[in-house]
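See structure below.
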Amino acid sequence: MYSSENLQWLDLSFNQIKNIDRGISCFSQLKILYLHCNAITSLREVKNLAKLKELRHVTLYGNPISKAQHYRSYCIAMLPQIFKFDSIMITKKEIVSSVVVYDYFCEKKIATKHVTALQERWDERQRKRLGMKKEEKTKEKTDTQY
């Protein structure tokens with residue numbers, strides 16, 4: 001028997017979707033979401049994906065929002081859990097610059113804590129990629145200090 005809460009990949013591309021319903025958060029294990037080539041017109045719709053903590057890859061290209069200024073940076077800032085956006089890996093530079101865009105859209109200063117969290121996310125992703133655990137990295141720093 002299948003359950004929507006176990007769904008990990010959802011392809012809703014080419015469906016003339018205009019809004020991202022908040023109900024999408026019921027797919028708590030969703031890792032990959034394709035929403036490209038639809039009719040999404042508001043960047044605010046992206047916030048509805050923020051509760052999907054397991055989400056790692058999202059596509060939104062081909063929607064009217066993809067023509068908006070700061071589109072990529074805004075989406076990266078709103079979805080700090082993703083590694084790939086529009087089928088392109090997110091770089092450390094993009095993560096840092098997304099903070100500036102987030103600040104612009106929210107019209108308030110971003111706490112240093114938020115920047116640090118984004119950088120830690122990048123570092124953790126890199127460690128996973130290289131097969132290093134957090135403990136090994138800490139040990140390396142301790143060994144070089146003496």
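Counting from 1, one number per residue, gives the positions in the sequence shown under the working numbering. Even glycine gets a Cβ: it sits at the ideal position worked out from N, Cα and C.
Item, Value
"Sub-8 Å separation of L30 and L60 beta-carbons", "no"
"Contact check, I20 vs L49, beta carbons under 8 Å", "yes"
"Nearest-angstrom Cβ-Cβ length linking L12 and L35, presumed shorter than 8 Å", "5 Å"
"Those residues which DSSP pairs with D11 across a bridge", "Y34"
"Helix, strand or coil at K93 according to DSSP, with G and I counted as helix", "helix"
"Through-space distance from V99 to I110, alpha-carbon basis", "Since pLDDT at I110 reaches only 47, below the 50 mark, its modelled position is unreliable, and the value read off the structure follows with that caveat. When rounded, the distance between both Cα atoms is 7 Å."
"The alpha helix (DSSP H) enclosing A77, as first and last residue numbers", "Y71 to M78"
"Beta-carbon separation (whole angstroms), E5 vs C37, contact threshold 8 Å", "The Cβ separation is near 27 Å, so there is no contact."
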